[in-house]
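Number of protein chains: 2
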Amino acid sequence: MRSIDVIFAIISKSDTMYRNIKVVGFDADDTLWVNEPNYKETERRFISLLKNRMNPDLLPKELYATEMNNLHLYGYGAKSFTLSMIETAVRICGESISGNLIEKIIALGKALMDKPIELLEGVEAVLKKLNGNYRLIIATKGDLLDQERKLKKSGLAGHFHHIEIMSEKNEAQYQNLLKHLDIKPDEFIMIGNSMRSDILPVLEIGSYAIHVPYHTNWEHELTGEPTPQTNRLLSVSAISEVTGIL
Amino acid sequence: MRSIDVIFAIISKSDTMYRNIKVVGFDADDTLWVNEPNYKETERRFISLLKNRMNPDLLPKELYATEMNNLHLYGYGAKSFTLSMIETAVRICGESISGNLIEKIIALGKALMDKPIELLEGVEAVLKKLNGNYRLIIATKGDLLDQERKLKKSGLAGHFHHIEIMSEKNEAQYQNLLKHLDIKPDEFIMIGNSMRSDILPVLEIGSYAIHVPYHTNWEHELTGEPTPQTNRLLSVSAISEVTGIL
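Order-wise, the sequence lines are chains P and C. Numbering that gives the first Met the number 0 numbers the first residue of the first sequence as 0 and each following residue consecutively. Numbering that gives the first Met the number 0 numbers the first residue of the second sequence as 0 and each following residue consecutively.
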């Protein structure tokens, strides 16, 4: 087959595959806008505050252990992250902790919540193109107020039918989402950067997914598993490529 | 008019008034289950930790000021409350704060989040009676994971079509809720204990409300305003009375 035939074959296959799609779900953090680099930057500042109390190379592991230990109780987001930074600092410094250090950690958390939104390239064009043809929603984890504020600051709110903030992006919660949207699995496609949260559970429930990897990932989002082989999953290198698919 | 006539008059009026209702919204905290007393108890323990550092009579005001100052950034819920307790303690103790004190405050916050659920009397009977005749939802403020966990622990989840966790219970967010539920204002009635969050904004958008006062209220929920005079509002002394109305 000549290469032009291959392209036609792919296009016609796509047309058939996606013809039932009614709702396009977008992950938010690191899919629509920059997020993880802000957490990494906050973490660097936290490490710098404590570098004289503990080997700075060991600190990220110490903080991550606190976060994982608190996840069932705190969930995701900047408030949980702030509480875990404080708890880690107290564990490391013990009685010699200073009020000033705690104040600085609280300020780091507030600055993280108050950060301006930086849209990823091509996002607005994709939303403009898809809007009207599909019902667009955001499906995100994290803190309710935090995510609502980010959406508001992003200027993108008008493109979305609604925002679904989930406490965990697992199969059960995606199934609830479909029930709530009153659609079947083959009427939903999810676009996101996290294999663990945006792709695998969505494929498991029989829906479609487009993976748009991001250069920085939170350790928790890494699966270490091979990419699943299914024609319901496509990977693209930039979100702008989505307009050629849907 | 004899009293029996009055009752008939009320019943027939109710029948007409509520005949369009499709969705019944329930507030959660202090409407379905005990909440504010748990916060008050946590506050008492916090005060007891700091009573040697500041006049205990002034401490609640100091904590409340921190909470109000952080509300725009943190929103509602136990994580926000924990962060505000820590910030208040650092402000009061300054450099002489101890790691042990911070640890105890973090533990108070975690215990608050992990508290068992105590249902208010009559709640289950009301939900059983209304379920089937109406679409029942929860409309609550607070932290996403925290509220989901409470609903799960309550054993009431099966009665509800869905749970709407709002970052603020104001007119705009109730209007979004109606849009999202695809219903008109006169098809919605809200049941709750807070005049400020459950009743006033709901009446403002033209819906119905039933006020079920609770013996303890958070200062922030008090309006100080007189009860609005409208036949779209009913007040009852216990939630069990709702079955005589809807």
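All C-beta atoms, glycine included, are put in the ideal place defined by N, C-alpha and C. Treat the numbers as computed from the prediction; the structure is a model and nothing was measured.
Would you please state the rounded distance, in angstroms, between the beta carbons of residue 133/P and residue 22/P? I believe it to be under 8 Å.
Confirmed, about 6 Å.
Please list, in chain order, the chain C residues whose beta carbon lies closer than 8 Å to that of residue 153/P.
Neighbours of residue 153/P on chain C: none; closest Cβ ~16 Å, over 8 Å.
In the DSSP assignment, find the alpha helix (DSSP H) that holds residue 261/C and state where it starts and stops.
Outside the displayed span of chain C (0 to 245) sits residue 261/C, for which this structure offers no information.
Using the rule of at least 16 other Cβ atoms within 10 Å of the residue's Cβ for burial, across every protein chain shown, is residue 227/P buried or exposed?
Flag for residue 227/P reads exposed.
Chain C contacts made by the segment 102-113 of chain P, where a contact means CB separation under 8 Å
Within the segment 102-113 of chain P, the residues whose Cβ lies closer than 8 Å to some Cβ of chain C are 102, 105, 108, 109, 112, 113, listed in chain order.
Cβ closer than 7 Å: which chain P residues qualify as neighbours of residue 98/C?
Ordered by position in chain P, the residues that pass the 7 Å Cβ test against residue 98/C are 89, 92, 93, 94, 96.
Give a yes or no on whether 8 Å exceeds the smallest Cβ distance from residue 234/P to chain C.
Using beta-carbon distances, residue 234/P does not count as an interface residue toward chain C, since no partner is under 8 Å.
Residue 75/P by DSSP, collapsed to three states: which one?
Residue 75/P falls in the coil class under three-state DSSP.
Taking the beta strand (DSSP E) that residue 24/C belongs to, which residues open and close that run?
22-25 is the span of the beta strand (DSSP E), which, as asked, contains residue 24/C.
Measuring only between beta-carbons, confirm whether residue 61/C sits less than 8 Å from chain P.
Chain P contact via Cβ: absent.
Own chain residues within Cβ distance below 6 Å of residue 215/P, not counting five before or after
The answer, listed in chain order, is 35, 36.
Just to confirm the assignment: which complete beta strand (DSSP E) runs, minimum length 3, are found wholly within the segment 88-140 of chain C?
DSSP runs (the beta strand (DSSP E)) wholly in the segment 88-140 of chain C: 134-140.
Contact check, residue 91/C vs residue 49/C under 8 Å by CB: the rounded distance?
Right, their Cβ atoms sit about 6 Å apart.
Using DSSP with H/G/I as helix, E/B as strand and the rest coil, what is residue 47/P?
In the structure shown, residue 47/P sits in a helix (DSSP, three-state: H, G or I).
Give me the Cα-Cα distance between residue 188/C and residue 207/C, rounded to the nearest whole angstrom.
Pairing residue 188/C with residue 207/C, the inter-Cα distance amounts to about 4 Å.
Report the residues of the segment 164-184 of chain P with a CB closer than 7 Å to any CB of chain C, ordered along the chain.
Cβ contacts with chain C come from 164, 166, 179.
How about residue 85/P: is its C-beta nearer than 8 Å to some C-beta of chain C?
Judged by the 8 Å Cβ criterion, residue 85/P is in contact with chain C.
On the criterion of 16 or more Cβ atoms from any shown chain inside 10 Å, does residue 165/C qualify as buried, or is it exposed?
Burial of residue 165/C is indicated by the presence of at least 16 other C-beta atoms within 10 angstroms of its C-beta.
Are the beta-carbon atoms belonging to residue 98/C and residue 94/P less than 8 Å from one another?
Yes, these two residues count as a Cβ contact at 8 Å.
Using 8 Å for Cβ pairs, my map puts residue 305/P next to residue 161/C. What's the rounded Cβ distance?
Given that chain P is displayed from residue 0 to residue 245, the structure contains no residue 305/P and the question cannot be resolved.
Is the CB-CB distance between residue 176/P and residue 184/P below 8 Å?
No; because the gap between Cβ atoms is not below 8 Å, this pair is not in contact.
Quick check: residue 172/C and residue 204/C, are their CB atoms within less than 8 Å of each other?
Taking 8 Å as the cut-off, the Cβ atoms of residue 172/C and residue 204/C do not count as close.
By DSSP's criteria, residue 28/P is part of a beta bridge. Which residues make up the other side?
Its beta-bridge partners are 32/P.
How about residue 200/C and residue 170/C: are their beta carbons less than 8 Å apart?
In this structure, residue 170/C lies closer than 8 Å to residue 200/C by Cβ.
Can you tell me the Cα-Cα spacing of residue 230/C and residue 104/C, whole angstroms?
Straight across, the Cα-Cα distance linking residue 230/C with residue 104/C is about 46 Å.
Would you please state the rounded distance, in angstroms, between the beta carbons of residue 87/C and residue 61/C? I believe it to be under 8 Å.
Contact between residue 87/C and residue 61/C holds, since their C-beta atoms are separated by about 6 Å, short of 8 Å.
Work out the CA separation of residue 32/C and residue 71/P for me, nearest whole Å.
As the crow flies, the alpha-carbon of residue 71/P is around 22 Å from that of residue 32/C.
Neighbour list for residue 81/C in chain P, Cβ cutoff strictly below 7 Å
In chain order, 82 make up the part of chain P whose C-beta sits under 7 Å from the C-beta of residue 81/C.
Per-residue DSSP class, three states only, for residue 57/P:
DSSP places residue 57/P outside both helix and strand once states are collapsed to three, so it counts as coil.
Report all residues from its chain with a CB closer than 6 Å to the CB of residue 234/C; omit the five preceding and five following residues, and keep chain order.
210.
Can you grab the Cα-Cα spacing for the pair residue 64/P / residue 121/P, in whole Å?
Each residue's alpha carbon lies about 36 Å from the other.
Find out if the Cβ-Cβ distance for the pair residue 245/P, residue 46/P is shorter than 8 Å.
Against a cut-off of 8 Å, the Cβ pair of residue 46/P and residue 245/P comes out as no contact.
Taking only beta-carbon positions, decide if residue 50/P is within less than 8 Å of chain C.
Against chain C, the CB of residue 50/P has no partner CB under 8 Å away; the residue lies outside that interface.
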